[in-house]
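Residue numbers (this note's numbering), protein chains in the order written: chain Y, 23 to 683; chain A, 23 to 683. The next block holds one structure in the form of structure tokens; read it before the comments.
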């Protein structure tokens, strides 16, 4: 059969109503992306993660056979978007779990944390001295007796107000300066930016506009991009917004995206997508707060090294390949427009420095936010995202490592895993009476489980004997009570309470957390999910062990542990110890600190001393490459148990298992 | 009569053979310019200077009536190009006095001065440290045990070789750095430029190219643009080239050009022309010396404030209008490409700083070259060009002023005046026996008189009594010998020897210096010429007086006087005193220093300490605005005599007049 390749089909996506015209034969996942609709996808369109399910309401299509859909789903016209080609005009329903309101992603909590953070600057940890600020400069116009040229006149006037031994001004500004100064009687607003020790005159405008100076702080997450609109004159967070990283269609983790970009020469495309995301966030924030884009003079970004490379279109290929190095760790401030970011056309884009290919500026931001680098005792910082990065140290030394343990706690690689947004189970308890209590973000019907919920789930399954120390479902809980009592004793016989919840699903054994009802699907956790979660936590713990062993740090030496990541609002830190992700220290020593990436970016934005500190941290931190570290694989293997092979490392967990048994 | 405005005519200019197509009705001066032919023109096409004479060999034209052509010239089909419209295809002969070989403009002498100057840098007045240099950087490639990012790796390696606390690199270079380094085994040539205290990585290239690093030093004259190609690795002048400033069709002095640009919104055009001139010089030098434009990494310019404004397209309008200020005195280095100058596309353009609207960077260059700013005694520096700028001072203080006395000593406003090029009379003596000795540049038949020749002419006319102290021709020299002897005594009767040389010309009385022969026109000096020359010298001397009076400097306090300008090779400094342009000091104290503008530019090019010195000079110098100075007009009036109203100011001149009488 021969078809004209030029025939176009219109695909309508509900409930958003977004439409797109695509050629016949276009893969539905691509069509969705082009329409601006983000579908979950872990495998990057390879057809094995089964995340990109959509419902075909109308139209002709061609789908590859897959084992990832149940017969029921197939009857309901559910398809995998990445395995389906468009053959005619179509109407598609995008299930709600794909299209969570991104603006609900933990914004309230974050906003709270950021106002605290701004407090940090105000309290004098760092002097308030924003990277870009505006000053009102009034000069007396030249006369025949005062013939200083306009350019020097401006510099003299600026230096009356600020300390700026080294000043730079763009040539286009100098060219237009004289007519501008004359037009407004030599009363101008000067926008001043910092580039290292150099002070740049970013803009000169007629009149006084000092009260309107905004910036955007961005956390460039592999999964989620978060932006905060900051009023630089007041050091306050005006508004926040988040979106999914639209590179996600090319792979859920950044290694896969680098491979995709390399194989398809798609580095420009990768940059375009992340820049597009950042621009969308900026435009949304600006429109909502009635801020003109011109009034946004700064964008500051923190993120993993690969994401910063994508944003700036730096070569990221050796991040994934020996010798695992970045193109640039310290990127000097550039004009935001040079990267395609649409703010004030001469506004600056700062990226926080990174330490290594696998320890990015988000981690520097974390160290900055938690102030480990100022402290005397030994502190541990762990940021659990797509990777798990760990920092150990104090004001005298800092070591760090990154475990590529996968994004299980971000909800990826977990059947009903999801990001921390509305409808996500963020808290879960399995009660002795067999029932399960949970709380969702936004208190809506549950649609999935986010990081903190997954931590609870894993810990609760283990503490209740539903899974054993290897993470395997206890087969006994499905057998007769009599048999169980005889074989397992009274403790394990108790698992009977949950016997009916353990079923054989499409992916093997699965445990039902929430039953289906008329309008909602059931929520389960599968054996594969548990394996992924255990591997993730094992990676983090093994990294912590390597750093502690290398520095001869004992758990009792730790003054505190800071846990960062997009887990959810109510992370139960005890559970992080229960599953063996964090060392067994007194719980009051563990503090959940949330998204420290954007918090650190904001600190730098508000104080140039903080950027100096960040650069010092990045330079002084020692990076341990775990892949080439002789002890890491052993530690990882030993940590692949709940809580660990060596129970003596987790005395309080052992004690509490014994108590419950 | 109605003509289609679209009809085009071809105008052929001989002897160059250059052709141009122009619409019917085009003014011939404009056609010549478009064809790349520069015709002398003082009035900017207003039809009153009579300089733009050409011969029409063939074709129809329409000329406005003029009194500036003799009946003989009209018979020879000579027209004023600015008053003539093209009506058909035409063939034009451009007389030789327009088309002097510009490359002959004093190049030998200048080249000598510049090699001395390079010596100055080598001798340690300024440390040799060029504004832009290349270093060969070899790095060990990253390994899993040495994971420093490429950008930081490069910085570390650069800092092993040079002191560069503050470094900047263009974003495009950072973006391509990784693949470049990998392609060449981490062995690169880094081109390093200085922007104030900041070190800029201008370029990174694979392999070692350190031996090829060139720069061009430019003197942006109102009349002539001079360029020197410098080998930065050896601090030597490789070649020199000069051209006429092609803005000249818009007026011979820059005030007229500013007016033209303002009235015709032609600032872009003004920039295009001067940039075009500079580019032409660069291309010519590069082609001749087999230098790739890419290997030219720096252009450095000195010139009057207006010319620098035109080059950079800065607003020059208030240079000519109250309060007489520049847009910028200190222009930071910019990328040459930003101004349209075609060298290495990331190469830098430096402009030396200026003091005021009428004291430009050429004067700073002069102070730098003469080292006045390092000296203990009091020194005087006078640069005679289109304007006459004067600097007085030493290492403790510097004062300066500019007299807009007109470009008479550059040959403008003088009937047979010309620039110092082949065929120019550069030396002239009137002998007691009535004959006149002269020497021309290139020892060819004389076609005109350049600055040094005009100085000689004026002094000789005066010393021989042909003109009196007011500059008027002595009417007696045309009368009978008897009458003269009875009326004037033996001294003035001597003027009889030259009686036949004084005739009534088109412009009044004129004195014949060289008679016509079959192939050459006569060369005369007119009463108007003399008036112009006297006004010029009076302006310079009045400026000197104002500065000396203001600082209570007596002539005997002067350690030396440096006279700069494009006079000619053999300037007789005694004559500058004779006519009363310079104070009457012992002749050994007066030194002719030539084109100090390009010399100073070159000094800065070869040593960044020299730029710091130039900036310090520009900042510390006190500018006297003569127009608003209460004493200036008086001084000017008093100086409008030969040598001066007050003969006591010129004791040696008075003595020698008395001796001859």
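No residue lacks a Cβ here, since even glycine has one placed at the ideal position from N, Cα and C. From a predicted model like this one, the values you see are computed outputs, not experimental measurements.
To the nearest angstrom, report how far apart residue 573(Y) and residue 399(Y) are at their CA atoms.
Linking residue 573(Y) to residue 399(Y) through their CA atoms gives a straight-line distance of about 13 Å.
Sequence-distant residues of its chain with Cβ nearer than 7 Å to residue 425(Y) (five each side left out)
Taken in chain order, the residues that qualify are 409, 410, 561, 562, 564, 565 and 648.
Could you say if the stretch 361 to 381 of chain Y and the stretch 178 to 188 of chain A meet the contact criterion of at least three C-beta pairs nearer than 8 Å?
Too few Cβ pairs lie closer than 8 Å, so no.
Residues of the stretch 88 to 117 of chain A with Cβ closer than 7 Å to any Cβ of chain B, in chain order
Annotation note: the requested chain B is absent from the structure, which comprises protein chains Y and A.
Please classify residue 651(Y): does DSSP put it in a helix, a strand, or coil?
Residue 651(Y) falls in the coil class under three-state DSSP.
Would you decide whether residue 474(Y) is buried or exposed? Buried here means 16 or more other CB atoms lie within 10 Å of its CB.
Its Cβ being crowded by 16 or more others within 10 Å, residue 474(Y) is buried.
When the Cα atoms are used, what is the spatial distance from residue 230(A) to residue 157(Y)?
Approximately 46 Å, taken between the alpha carbons.
Could you spell out the range, first to last residue, of the alpha helix (DSSP H) harbouring residue 310(Y)?
Where residue 310(Y) is concerned, the enclosing alpha helix (DSSP H) stretches over 289 to 310.
According to DSSP, residues forming a beta bridge with residue 228(A)
According to DSSP, residue pairing for residue 228(A) in a beta bridge involves 210(A).
Taking the beta carbon of residue 597(Y) as the centre, do at least 16 other beta carbons fall within 10 Å, making it buried, or is it exposed?
So residue 597(Y) ends up on the buried side.
Are the CB atoms of residue 269(Y) and residue 279(Y) within a distance shorter than 8 Å?
Yes, the pair counts as a contact, with Cβ atoms nearer than the cut-off.
Since residue 353(Y) meets chain A, which of its residues come closer than 9 Å, beta carbon to beta carbon?
Within 9 Å Cβ-Cβ: 173, 193 and 196.
Quick one: which chain A residues come within Cβ less than 9 Å of residue 344(Y)?
Against chain A, the beta carbon of residue 344(Y) has neighbours under 9 Å at 165 and 166, listed in chain order.
Cutting at 7 Å between CB atoms, please list the residues of its own chain near residue 301(A), excluding the five before and the five after it.
Closer than 7 Å at Cβ, skipping near neighbours: 363 and 364.
Which bits of chain Y does residue 645(A) rub up against, with CB to CB less than 8 Å?
Around residue 645(A), the beta-carbon contacts reaching into chain Y at under 8 Å are 169.
With DSSP as the reference, identify every bridge partner of residue 163(Y), one or two as the case may be.
Beta-bridge pairing links residue 163(Y) to no other residue.
Would you mind listing the alpha helix (DSSP H) stretches within the stretch 224 to 282 of chain A that are 4+ residues and don't spill past its ends, in chain order?
Within the stretch 224 to 282 of chain A, no complete alpha helix (DSSP H) run reaches 4 residues.
Closer than 7 Å at the beta carbon, the chain Y residues around residue 190(A)
Residues of chain Y whose Cβ lies closer than 7 Å to the Cβ of residue 190(A) are, in chain order, 354.
Just reading off the beta strand (DSSP E) that residue 634(A) is part of, what are its end residues?
Under the DSSP assignment, residue 634(A) falls outside any beta strand (DSSP E), being part of the alpha helix (DSSP H) whose first and last residues are 630 to 642.
What residue does the alpha helix (DSSP H) around residue 180(Y) start on, and which one ends it?
172 to 183 is the extent of the alpha helix (DSSP H) around residue 180(Y).
Alpha-carbon to alpha-carbon, residue 366(A) and residue 585(A):
Straight-line measurement puts the Cα of residue 366(A) at about 36 Å from the Cα of residue 585(A).
Would residue 220(A) count as contacting chain Y if we go by Cβ distances under 8 Å?
Chain Y, which has a Cβ nearer than 8 Å to the Cβ of residue 220(A), makes this yes.
Cut-off 6 Å between Cβ atoms - residues of its own chain near residue 225(Y), not counting five sequence neighbours on either side
213 and 368, listed in sequence order.
Does DSSP put residue 90(Y) in a helix, a strand or coil?
Reduced to three states, the DSSP call for residue 90(Y) is coil.
Examine the Cβ distances between the stretch 600 to 618 of chain A and the stretch 672 to 682 of chain A and report whether three or more of them are shorter than 8 Å.
Enough Cβ pairs lie closer than 8 Å, so yes.
Could you check if residue 655(Y) is buried or exposed, using at least 16 other CB atoms within 10 Å of its CB as the buried criterion?
That one is exposed.
Can you pull the DSSP bridge partners for residue 585(A)?
In the DSSP output, where bridge partners are listed per residue, residue 585(A) has 404(A) and 614(A).
Using a beta-carbon distance below 8 Å, is residue 347(Y) in contact with chain A?
Cβ-Cβ to chain A under 8 Å: yes for residue 347(Y).
What is the residue span of the alpha helix (DSSP H) that residue 56(Y) lies within?
Start and end: 50 to 56.
Does the Cβ of residue 467(Y) have 16 or more other Cβ atoms within 10 Å, making it buried, or fewer, making it exposed?
Label assigned to residue 467(Y): exposed.
Do residue 643(Y) and residue 334(Y) have their C-beta atoms closer together than 8 Å?
Taking a C-beta distance under 8 Å as the contact criterion, residue 643(Y) and residue 334(Y) do not qualify as a contact pair.
Decide yes or no for the touch test of the stretch 194 to 206 of chain Y against the stretch 328 to 348 of chain Y: beta carbon pairs closer than 8 Å, at least 3 of them.
They do not touch, by the three-pair rule.
If contacts are defined as beta-carbon pairs under 8 Å, then residue 255(A) and residue 625(A) qualify, I think. What distance do you get, rounded to the angstrom?
Going by Cβ atoms, the distance from residue 255(A) to residue 625(A) rounds to 17 Å, so no, they are not a contact pair.
With DSSP collapsed to three states, give me the class of residue 564(Y).
Residue state, collapsed to three classes: helix.
Could you tell me whether the Cβ atoms of residue 91(Y) and residue 76(Y) are closer together than 8 Å?
No, the Cβ-Cβ distance between residue 91(Y) and residue 76(Y) is not below 8 Å.
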